[in-house]
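First to last, the sequence lines map onto chains A, B and C.
As numbered in the numbering used here, residues 1 to 303 make up the first sequence, in order.
As numbered in the numbering used here, residues 1 to 563 make up the second sequence, in order.
As numbered in the numbering used here, residues 1 to 393 make up the third sequence, in order.
Where is the CB? At the ideal position from N, CA and C, for every residue including glycine.
In this text, all values refer to a predicted model and were calculated from it rather than measured experimentally.
Have a look at the structure below, then the notes.
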Amino acid sequence: MKVAYWPGCVSRGFTPELHGSMAAVAPLLDIELVELDRANCCGAGVIAEHNQELADTLNARTFALAQQVQGADLMMNICSTCQGAQGECQERLDANADYRAQINETLQETEGLTYEQGLTNKNFLWLLVEEIGLEKLKAMVKRPLTNLRVGPFYGCYIVRPTDRLGIDAEHPRDQYLHWVIEALGGTVIDYAGVYKCCGFPVITMNKDVSLKQAGTHLADATDAEADCLVVPCPLCHLNLDLQQPLAAKKVNRELAMPVLHLPQLVGLALGLEPKQLGMNKHVVKPTSVIDWTTSVVGAPVAA
Amino acid sequence: MPAHDVLIIGAGLAGQRAALAAADAGASVAILSKVHPVRSHSVAAAGGINAALNPGDSWESHAYDTVKGSDYLGDQDAIEIMCREAPDEILHLEHIGVTFHRSDTGHLGTRAFGGASAARTYYVADITGQAILHVLYEQLMKHHETVDRYEEWFTTTLLQDDDGHCIGAVARNIRDGRLEVFDAKSVILASGGAGQVFKPTTNALICTGDGIAQAYRIGAPLMDMEMIQYHPTTLAENGFLITEGARGEGAHLYNALGERFMEKYAPNKLELASRDVVSRAEQTEINEGRGFPDGTIALDITRVPRKRTLEALREIVNIGRDFAGVDITREPIHIRPGMHYIMGGVRTDVDGQTPIPGLYAAGEVACVSVHGGNRLGANSLLDTLIFGRRSGEHAAHRARGVAMPKTSSRRLADVAAEIDEIIRRENTGGRRISEIKDELGETMNRYVAVYRDAEGLARAHEIVRRLKAEAPTAAIDDKGTVFNQDVLGAIELGYMLDVAEAIVVAAQERKESRGAQFRTDFPERNDAEWLHHITISRNGDGVPEKGTAPVRFTQWEPQERTY
Amino acid sequence: MAEYTLKLRRYNPESGEAPFWEEFQIELEPHRSVLEGILKVKAEIDGSVGIRCSCRAAICGSCGVRINGRAGLACHTHLGHAADSGVHADGRTITVEPMGNMPILKDLIVDMDAVHWKKIQRVTPWLINKEPVPEREYIVPHENMVDVTQTMACIQCGACVSDCLSMEVDPLFVGPAASARAYRFVGDPRDAEQYERVKDLAEDRHGIYDCTHCFNCIEACPKGVAPMSQIMRLRRVAGADHGIVDRNNGHRHEQAFVTLVKEGGLLHEAELLPRSYGGDSWFGKFHPAAGQELLSSLPVITTALLRGKVTPKGVLAPHKLPKDALAAVQAITEKVERRRPRNELNLYITGYDDSPGAGDGDVHPLAADGDAMTSAPGPNPHRPTSASESESA
């Protein structure tokens, strides 16, 4: 399928391995990524906190650019925060025609763009389950993650608020990460932090609180004997991986919990090599996930 | 041992308003409630509060509507006071922070309400009671130095001295089971109504008639107890309230044939006739087979512009969605008349004084009587605030001339023994508290509802008497002290049974149809014989003693009542 | 009728025993509430089960509990829904436990005074009248009163406090309910101390900038108060309206973020951190506060560099948008930031358009040609369309 692809900022900044791994995995899943290279930062909720109309206009711009991609089925992102922040703006834009008209006026003036109500914007996780389908995904697995104990870490923006994110009995999107791990042959580890906050948004305001949150969840996952965590959000990754050494100190624990981006976990199961997926770029080396001598996860790659 | 000039029992609107007024008048004040104040049932009052504040309106018009609504049973002097003081009370509330919704010009906005000849209902969306209650609680937090709050304390007994003056109360701290005597120069009962006597009811689980029964037990007469308001629009499923504000905003009622049947019963006011009139019309439609198969009527709110509904009737949008699975902005919702309010209560004068010196009552627990046979929508909040304030002020003044009483600790021991008896009760195969309560509620709702007759009332009385005999043998499960809700439930059941008997006896006594009391065996209003209040007083453990009290008239002669 | 297993968390402080789970079997219709289920247990099986409750209709705020691990009102949660929701749902079992972040008194009853009410008291929860107090009412716009009604609608149930993830690690955090309460006055044009109120909460180490933006309070709230959204509005009033530069770097962070997006169209994280500490310019990182922060982060940065996660080039010459696109972002930013008063849509006030496309007469020629990216009107216009039409593919 063809998607208007919004990679977000962080995947091209501090977590380049996310961008890279998505690019590596997409062809295997038959996803054609048309990168929105003119689109702008989603604002991560911070721009909205400063000026709601600014955030709404900037995201309407991104949506309008996505709607210009000929033949695309939908817009896809690889960052929970983008999903959440853009979804919040889209809710307002879609709810009120007058407001939308005002925003579009600004877009018109600057670039001649218009956002048309009703864009479909899905995180890679949702796309995997809802567009590609778990059965199909299962069939593509070359290297099942057998015996790999994976802790899902959803992050906030992709599971709350459930109404806005369309999570209901028919679309239990707050369970998709569980399902994907299982479909890839791994074992889901239940631990206290599954739906909690990584703490990243307050890292500059209250570092103590921020790192305590990250540290607590990592420690809980460690206690639950997870081999690794998987995240659909690069900001979570920053606090859980990049900051893990500091977080460990904050909670007085020895922590060495590898944290994988979702495309990396998928890529491993689909037979890609750890290096192709940029897993060498993590702060916490994913040694418990990967046997570096054989580059094999769990089971050997099926022929 | 706590001692205060004024002790207020109950912390809904009447209680909090009384506390603030008494403190303002310089008294030392304690306010005590079995629930945290913001949990009080005033929180559920939805539609608004009446006052003739608009330039084109007058307090006389408001008073006349109230008198007419009461079916001429309301005391006109009290009604005049309430309606005259209403505008200042609204402005007071506005100044302390109630977020009344505005008109386009930024002035206080109003909505139409039943039985009113002008749109004079001030409102905060459809959470008016909640908004006022929470703002009053803000004021209590602000004035924490002058008002002592006892939250989650359950009153068991009102105390009297040898002269019969009320001098305080015994209460149990729900958190740890500790009993305490609260000495007070004046006691104000503000503990609300008794809706739980009926099942179903719009009333909260806490509305168990505690104060009505407590006053009754120490000899205070009850008045107008037969006057039970059935609200025209309660949710069929569970009896939840759908505010009259819906009809005020323009919603219509339809029977199963699609007829707007109120055209027959109240050709002028239609859906906005008095509640007794609308409820009776609905019940007639249902009884005569024109209701929906589940015994309901359709309330069509889709006529109200959707934006307006979402803004001004948000709570019932939620109730419809969450408790009936209906989007009221898109489809009618099924309703029926349901027990909502008790016009009667502890008899008081216009300053809240009961015939027992030192004992006051205000709000639904009291009967001033401003509602008479039928209360107008949006007059109950007003009643609580006006007479809450007046009680608080009067009690504070009275306290200046009285010495602080002292209760002997023996009274405490007596109460402790009574509670112990309940907790220690052996389970000898008697009925559970919940069974007795359910049978009571269903009995009342069957025989003492919109339509009544001698036979049904006699049956109800017989059942209530039997339940009174059964209650003292009902054992409870919780033997502890911390949050023993079981033992409180047993005490509340006793209160409810007392109140129920008073209601039934009064309904039997009034052999006419007036306001909320419709006797199919006496279908006409009979001013010649029954234009007076019925009082009920305790008579040992026997059948309550009936009495009468005159209706006080000022300027409105009884007329035929049409809407 | 359906059968349910209510798994209740029991605790009796008088027994000397630890809390434990007890299961009760009940039969009720699926659309009955969890509270009705518990009341049935109390009525018929064990009257000693402790739970506060009163109105049964989600208005008194008494019955806040955690159902299947999430806070909410017992009276506001259907048995059927509860039994079917969550990862561990088996269609029958419903776990109910006391709310979090507050001490437990007995069974499902927590000490609200110790946490919730203390925090409410902390925000000076009463109107401080603008003088002179008018003889009649204050004349204020209708929209303002509807706006603060959103926070007035809070029923003080504590569900948001229970599930606040910041409070979980920082018990001193003022928290969602009290912040919403604060907005009730900050947004009230009759209040005299808007500046003092937001200044106080912005400067507090555990104030409005302590919120991690996790949405748990929005999710938990049964009344649509959206406490987190109110916190964001408090931040806007503090930062954008009153220019309060707080000691928590809250405002600087926000400013730096906006400026960086304006400068590059994308976020440049390497600059964001130092500017958040030091100030909103390229020189921010040379500010002593920024230096200190960088020093403490040195090991992290070193590791990131060593792993090739961050490259010196990436730090110094970040990814930027094409020139014309950047110009558009800048033009938008300048235009919108100039607008006074700020254009802020509150869906609580405006509601949602009746149907998608209502009032949206003509389709713009530059909009997507096919309707693949534009969903059909769904059955529920309250839901963003991104969510409603996924399974059809």
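Report back the beta-carbon spacing between residue i and residue j to the nearest angstrom; my notes put them in contact at under 8 Å.
i: residue 601(B); j: residue 72(B); result: Since the first residue shown for chain B is 1 and the last is 563, residue 601(B) is missing from the structure and cannot be characterised.
i: residue 51(C); j: residue 108(C); result: 4 Å
i: residue 570(B); j: residue 236(B); result: Nothing about residue 570(B) can be read from this structure; chain B reaches only from 1 to 563.
i: residue 38(B); j: residue 158(B); result: 25 Å between Cβ atoms; not a contact.
i: residue 245(C); j: residue 236(C); result: About 14 Å separates the two Cβ atoms, so there is no contact after all.
i: residue 265(C); j: residue 41(A); result: 7 Å
i: residue 57(C); j: residue 240(B); result: 5 Å
i: residue 53(A); j: residue 346(C); result: About 12 Å; that fails the 8 Å criterion.
i: residue 43(B); j: residue 130(B); result: 5 Å
Quick one: which chain A residues come within Cβ less than 9 Å of residue i?
i: residue 271(C); result: Result: empty, since nearest Cβ-Cβ is about 10 Å, beyond 9 Å.
Along chain C, which residues have their Cβ under 9 Å away from the Cβ of residue i?
i: residue 246(A); result: 296, 297, 299, 300
i: residue 481(B); result: 14
i: residue 175(A); result: 86, 87
Using a Cβ cut-off of 7 Å, pull out every chain A residue sitting near residue i, in sequence order please.
i: residue 318(C); result: 13
i: residue 254(C); result: 46, 49, 50
Determine the chain C residues that contact residue i at a beta-carbon separation under 8 Å, and present them in chain order.
i: residue 477(B); result: 46, 47, 48
Just to make sure I have the definition right: I need the residues of chain C whose C-beta is within less than 7 Å of the C-beta of residue i. Which are they?
i: residue 308(A); result: Since the displayed chain A opens at 1 and closes at 303, residue 308(A) lies outside it and no answer follows.
i: residue 141(B); result: 121, 125, 126
i: residue 138(B); result: 125, 126
i: residue 169(A); result: 84
i: residue 197(A); result: 165, 212, 214
i: residue 276(A); result: The premise fails here: residue 276(A) is roughly 14 Å from chain C at the closest Cβ pair, so nothing lies under 7 Å.
Just the chain A side, please: which residues come within less than 8 Å of residue i by C-beta, in chain order?
i: residue 313(C); result: None at all; the shortest Cβ gap to chain A is about 11 Å.
Does the ligand GDP have even one heavy atom less than 8 Å from the beta-carbon of residue i?
i: residue 280(A); result: With respect to small molecules bound, the structure shown includes none, and the ligand GDP cannot be examined in it.
Could you name the residues of chain B that residue i contacts, counting a contact when the two beta carbons are closer than 9 Å?
i: residue 305(C); result: Under the 9 Å cutoff, chain B gives no residues; its nearest Cβ is about 54 Å from residue 305(C).
Got a sec: which bits of the segment 197-214 of chain C sit with their beta carbon under 9 Å from any beta carbon on chain A, in order along the chain?
205, 206, 209, 210, 211, 212, 213, 214
Against chain C: residues of the segment 109-136 of chain B by CB proximity under 9 Å
109, 124, 125, 127, 129, 130, 131, 134, 135
Could you check whether the segment 215-235 of chain A touches the segment 195-206 of chain C, counting it as contact only if at least three pairs of C-beta atoms, one from each stretch, sit closer than 8 Å?
no
If you measure beta-carbon to beta-carbon, which residues of the segment 25-39 of chain C are closer than 9 Å to chain B?
31, 32, 33, 36, 39
Can you check the segment 184-230 of chain B for any alpha helix (DSSP H) of at least 4 residues that lies completely inside it and give the ranges in chain order?
210-217
Does the contact criterion of 3 or more C-beta pairs under 8 Å hold for the segment 475-494 of chain B versus the segment 239-257 of chain B?
no
Mind listing, in chain order, the continuous alpha helix (DSSP H) runs of no fewer than 4 residues lying wholly within the segment 424-483 of chain B?
433-447, 454-470
To be precise: take each residue of the segment 186-205 of chain B, compare its Cβ to all Cβ atoms of chain C, and keep it if any distance is under 8 Å. Which residues remain?
204, 205
Residue ranges of each alpha helix (DSSP H) within the segment 215-296 of chain C, 4 or longer:
216-220, 227-236, 250-264, 269-278
If contact is defined by three or more beta carbon pairs under 8 Å, each pair taking one atom from either stretch, is the segment 6-14 of chain C in contact with the segment 67-75 of chain C?
no
Quick one: which unbroken beta strand (DSSP E) runs of 3-plus residues sit fully inside the segment 144-229 of chain A? Chain order, please.
149-152
Per the contact definition of three or more C-beta pairs closer than 8 Å, is the segment 389-409 of chain B in contact with the segment 350-358 of chain B?
yes
If you measure beta-carbon to beta-carbon, which residues of the segment 218-231 of chain C are closer than 7 Å to chain A?
218, 219
Three or more beta-carbon pairs under 8 Å between the segment 146-157 of chain B and the segment 47-66 of chain B, yes or no?
no
Where the segment 167-185 of chain B meets chain C: residues whose CB sits under 9 Å from a CB there
175
Counting Cβ pairs, one atom from each stretch, are 3 or more of them under 8 Å apart for the segment 82-100 of chain A and the segment 114-128 of chain A?
yes
In the segment 143-154 of chain C, which residues sit with their C-beta less than 7 Å from some C-beta in chain B, listed in chain order?
145, 146, 148, 149, 152, 153
Counting beta carbon pairs with one atom in the segment 182-194 of chain A and one in the segment 248-256 of chain A, are three or more of them shorter than 8 Å?
no
Which residue spans inside the segment 269-341 of chain B form an unbroken beta strand (DSSP E) run of at least 3?
297-300
Give, in chain order, every residue of the segment 49-61 of chain C whose Cβ lies closer than 9 Å to some Cβ of chain B.
49, 50, 51, 52, 53, 54, 55, 56, 57, 58, 59, 60, 61
Report the residues of the segment 278-289 of chain A with a CB closer than 8 Å to any CB of chain C, ordered along the chain.
280, 281, 282, 283
What are the residues in the segment 15-39 of chain B lying within 8 Å of chain C by C-beta distance?
35, 36, 38, 39
Contacting positions in the segment 326-338 of chain C - beta carbon closer than 7 Å to chain A
328, 329, 331, 332, 333, 335, 336, 337
Can we say the segment 339-346 of chain B touches the segment 219-228 of chain B, given the rule of at least three CB pairs closer than 8 Å?
yes
At a CB distance below 8 Å, what residues from the segment 90-118 of chain C approach chain B? Give them in sequence order.
105, 106, 107, 109, 112, 113
Is the number of C-beta pairs between the segment 50-57 of chain B and the segment 176-183 of chain B that are closer than 8 Å three or more?
no
Of all the residues that make up the segment 93-105 of chain B, which are near chain C by a beta-carbon distance shorter than 8 Å?
94, 95, 96, 97, 99, 100, 101, 102, 103, 104, 105
If you measure beta-carbon to beta-carbon, which residues of the segment 184-214 of chain A are closer than 7 Å to chain C?
196, 197, 199, 201, 202, 204, 205, 206, 209, 212, 213
Using a beta-carbon distance cut-off of less than 8 Å, what residues from the segment 338-360 of chain B approach chain C?
none
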